[in-house]
Amino acid sequence: MRSAVSPIQADDRRAAPFTGSDICGEAGLTLPPDTYRPVFEEDLWDFTDVVGLPVDMALANRRFDFAAITDPRWRMVAKELVLALLAPRHEAVALLPRAYRTPLHLRSCNGRLKEITRFFAWLAQRGLPSLEHLETADCEAYLGHRRYIVDDEGVVVGEQSHGIRRTAAQVIVDLVNYRELFTADRVRTDLRPWGGATASAVAEMPSGRTGNATEPVPDHVLQPILAAALHLVGVLGPHVIELQQQVRAVDRVSSLKAAGLRHSSPSFPEDIKAVLAQYTSAGTGLPMMEDHDIAARIADGWAAEDPLLPLATGALARTAGYSQFWARWIPTMRGPLEQAVASVGVEKVFGRDAADTPAADGSGTLPWTLPLHRSQAVALIGTVRTASIIVLAAVSGMRASELMALRVGCRRPVEEPIPGLHRFRIASKIVKVSPWAAPTTSGSSSNRPTGRSSSPNGCTRTPTTGRRCSGASPSRSATPGSGPGSTPRPGHGSAWTRSRKAG
Numbered sequence: 005m006r007s008a009v010s011p012i013q014a015d016d017r018r019a020a021p022f023t024g025s026d027i028c029g030e031a032g033l034t035l036p037p038d039t040y041r042p043v044f045e046e047d048l049w050d051f052t053d054v055v056g057l058p059v060d061m062a063l064a065n066r067r068f069d070f071a072a073i074t075d076p077r078w079r080m081v082a083k084e085l086v087l088a089l090l091a092p093r094h095e096a097v098a099l100l101p102r103a104y105r106t107p108l109h110l111r112s113c114n115g116r117l118k119e120i121t122r123f124f125a126w127l128a129q130r131g132l133p134s135l136e137h138l139e140t141a142d143c144e145a146y147l148g149h150r151r152y153i154v155d156d157e158g159v160v161v162g163e164q165s166h167g168i169r170r171t172a173a174q175v176i177v178d179l180v181n182y183r184e185l186f187t188a189d190r191v192r193t194d195l196r197p198w199g200g201a202t203a204s205a206v207a208e209m210p211s212g213r214t215g216n217a218t219e220p221v222p223d224h225v226l227q228p229i230l231a232a233a234l235h236l237v238g239v240l241g242p243h244v245i246e247l248q249q250q251v252r253a254v255d256r257v258s259s260l261k262a263a264g265l266r267h268s269s270p271s272f273p274e275d276i277k278a279v280l281a282q283y284t285s286a287g288t289g290l291p292m293m294e295d296h297d298i299a300a301r302i303a304d305g306w307a308a309e310d311p312l313l314p315l316a317t318g319a320l321a322r323t324a325g326y327s328q329f330w331a332r333w334i335p336t337m338r339g340p341l342e343q344a345v346a347s348v349g350v351e352k353v354f355g356r357d358a359a360d361t362p363a364a365d366g367s368g369t370l371p372w373t374l375p376l377h378r379s380q381a382v383a384l385i386g387t388v389r390t391a392s393i394i395v396l397a398a399v400s401g402m403r404a405s406e407l408m409a410l411r412v413g414c415r416r417p418v419e420e421p422i423p424g425l426h427r428f429r430i431a432s433k434i435v436k437v438s439p440w441a442a443p444t445t446s447g448s449s450s451n452r453p454t455g456r457s458s459s460p461n462g463c464t465r466t467p468t469t470g471r472r473c474s475g476a477s478p479s480r481s482a483t484p485g486s487g488p489g490s491t492p493r494p495g496h497g498s499a500w501t502r503s504r505k506a507g
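Those letters in the sequence shown? Residues 5 to 507, per the working numbering, in order.
See below:
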């Protein structure tokens, strides 16, 4: 039987140390001027506008919702804990012997909040009236609750990852380590779950000395992927850059939001004819609608044999300075439109007259692309962008967050410290080196032109250094001992080594 609520003794009570606190001010977070600043008493702390957060941090993870904790005492505990993790130098936190001495990242604090919310909900289901009644058996039960995966009938069918188990244990350890900070409810002074062991030890986290838990990608998977990615980047990449510029240029002209577009005008026939004349005089095919738009026209009653069916009349109208090609214009303009279609035809807008490039199988040359609709052009640009990310990730071992932090201008000039040795650099952010935005840093890879043989995946081999991929430069050193699945050696990529240990 659980006893009634046993409140904190009167002589053990003290004022809440964070009352009225500006959360961002206490945590050292920068906000733009005249921006909302969350206050401790509020149940929603919104960090959406904090300057310098990683670009891969989802908006949902920037909003801390304490209202999900229904018990007001435990909601206060959660607020005090999260702010203590964000601001370890606060005078009320710095005195705690087992508190963190470096601030946690917002992402980590959001994870702690989610887990403590889950823990408090679990305690409420078990009928625990106060944290003072928390026993070691409850801690063990919650760890077991989070450790095992059960089906609908309550049968254990698997185990959660070590990371999830560590997070579950860490919440309980935090309640013990920060006990003196809490003003609304707290655990007993003699509670020492798991004998005072760390959350990592409780979760049986594997040692980093044994290597990465994630197995390396096998060669029969990596080689064809990397070979295709290198071909897309090296051969098609320059053409795709031009294609993206063309898409942007056409969008500026064809967009419904383009400045100066008119609804209608008595001069529309002459204006449309002038645009048609530009196409016919240049011998350029008229713009084609996408397939789904053609299907929509047929559904609206257009005849399948109508020569104007695939014609993108809206694009013609916006080129002429009108927002739409109105249906009432068709009787007047059908003759000139059909003549232009008969003269130059209708063709997809992008990728016309594509230059020849080497085929991927080495069999000769082919146009680098067929004519494309806009959606197809955008998809192709995205495919080559993905190929670039694959090459960078394979060569450098960069985290996804570091890849996402790359910006225009991130490439550094190629260096040649000694003849024949080219060093390629690319600058990103070490996302985990500090609690918030990391400083810009750069890494390098080297490319020796001699003493190497080709590898099927587009990489090269040297007798002394093993396989190394050529192409774009990484943010980390691409020398042995710094790639994915390896342990950095002293003196190699030290800035990146620090980033691994920080946070």
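All residues carry an ideal CB built from backbone N, CA and C; glycine is no exception.
Am I right that residue i and residue j are in contact with their C-beta atoms under 8 angstroms? What's the rounded C-beta distance?
i	j	result
alanine 91	alanine 103	Between alanine 103 and alanine 91 the Cβ distance is about 11 angstroms, and since that is not below 8 angstroms, they are no contact.
threonine 52	arginine 66	5 angstroms
serine 347	histidine 267	Contact flag wrong, Cβ pair sits at about 29 angstroms.
leucine 48	aspartate 69	6 angstroms
valine 206	alanine 173	4 angstroms
histidine 166	proline 197	With a Cβ gap of about 18 angstroms, histidine 166 and proline 197 do not count as contacting.
tyrosine 4	alanine 364	Any property of residue 4 remains undetermined from this structure, which presents the chain solely from 5 to 507.
arginine 169	arginine 150	6 angstroms
leucine 320	valine 353	No, leucine 320 and valine 353 are not in contact; Cβ-Cβ is about 12 angstroms, not under 8 angstroms.
leucine 185	leucine 117	At roughly 16 angstroms, the Cβ-Cβ gap does not stay under 8 angstroms, so leucine 185 and leucine 117 are not in contact.
isoleucine 430	arginine 411	Their Cβ separation, rounded to whole angstroms, is 10 angstroms, which puts isoleucine 430 and arginine 411 out of contact at 8 angstroms.
Does the Cβ of residue i have 16 or more other Cβ atoms within 10 Å, making it buried, or fewer, making it exposed?
i	result
leucine 63	exposed
proline 417	exposed
glycine 355	buried
proline 423	exposed
alanine 316	buried
aspartate 142	buried
glycine 401	buried
glutamate 84	buried
leucine 544	Because the chain here runs from 5 to 507, residue 544 falls outside it and cannot be looked at.
arginine 105	exposed
alanine 203	buried
In chain order, what residues of the same chain lie with their CB nearer than 6 angstroms to the CB of residue i, ignoring the 5 residues before and after it?
i	result
threonine 187	Ala20
isoleucine 120	Ala82, Val175
threonine 23	none
alanine 71	Asp47
alanine 441	Caution applies to alanine 441, whose pLDDT of 46 falls short of 50 and renders its modelled position unreliable; the value that the coordinates give is listed next. Here the set comprises Gly56.
glycine 114	The amino acid at residue 114 is misidentified as glycine; the sequence shows asparagine. Around asparagine 114: Asn65.
histidine 235	Ala364
glycine 349	Gly289
tryptophan 306	Leu313
glutamate 219	none
Keeping to the same chain, check which residues put their C-beta closer than 7 angstroms to that of residue i; ignore five residues upstream and five downstream.
i	result
glutamine 1	Past the boundaries of the shown model lies residue 1; the chain is included only from 5 to 507, so the question cannot be answered.
leucine 265	Arg322, Gly325, Tyr326, Ser327
valine 161	Ile153, Val154, Asp155
glutamate 163	Arg151, Tyr152, Ile153
threonine 171	Gly115, Glu119
glycine 287	Val348
isoleucine 298	Leu313, Pro314
Looking only at its chain, what residues have a beta carbon closer than 8 angstroms to the beta carbon of residue i, apart from the 5 residues adjacent to it on each side?
i	result
leucine 407	Ile393, Leu396, Ala397, Ser432
isoleucine 302	Ala308, Leu313
proline 242	none
isoleucine 292	Reading off the sequence, residue 292 comes out as methionine, not isoleucine. These residues qualify, in order along the chain: Pro314, Leu315, Ala316, Val350, Glu351, Lys352, Val353, His377.
Please confirm whether residue i and residue j have their CB atoms less than 9 angstroms apart.
i	j	result
tyrosine 182	valine 251	no
cysteine 28	valine 54	yes
aspartate 189	valine 81	yes
threonine 361	valine 237	no
glutamate 246	leucine 290	no
histidine 94	glutamate 30	yes
alanine 128	aspartate 178	no
alanine 391	alanine 233	yes
leucine 384	valine 244	yes
valine 254	arginine 378	yes
isoleucine 73	alanine 125	yes
The ligand GDP heavy atoms versus the CB of residue i: any closer than 8 angstroms?
i	result
histidine 137	Inclusion of the ligand GDP in the displayed structure is not the case, the ligand content being empty and no account of it being possible.
Q.
Quick test of the definition: if touching needs 3 or more C-beta pairs under 8 angstroms, does the stretch 326-345 touch the stretch 374-382?
A. No, they do not touch.
Q. Is it true that the stretch 272-286 meets the stretch 254-264, where meeting means three or more beta-carbon pairs spaced less than 8 angstroms apart?
A. No contact exists between the stretch 272-286 and the stretch 254-264.
Q) Just checking, does the stretch 192-205 make contact with the stretch 127-143 on the three C-beta pairs under 8 angstroms criterion? A) Yes, the stretch 192-205 is in contact with the stretch 127-143.
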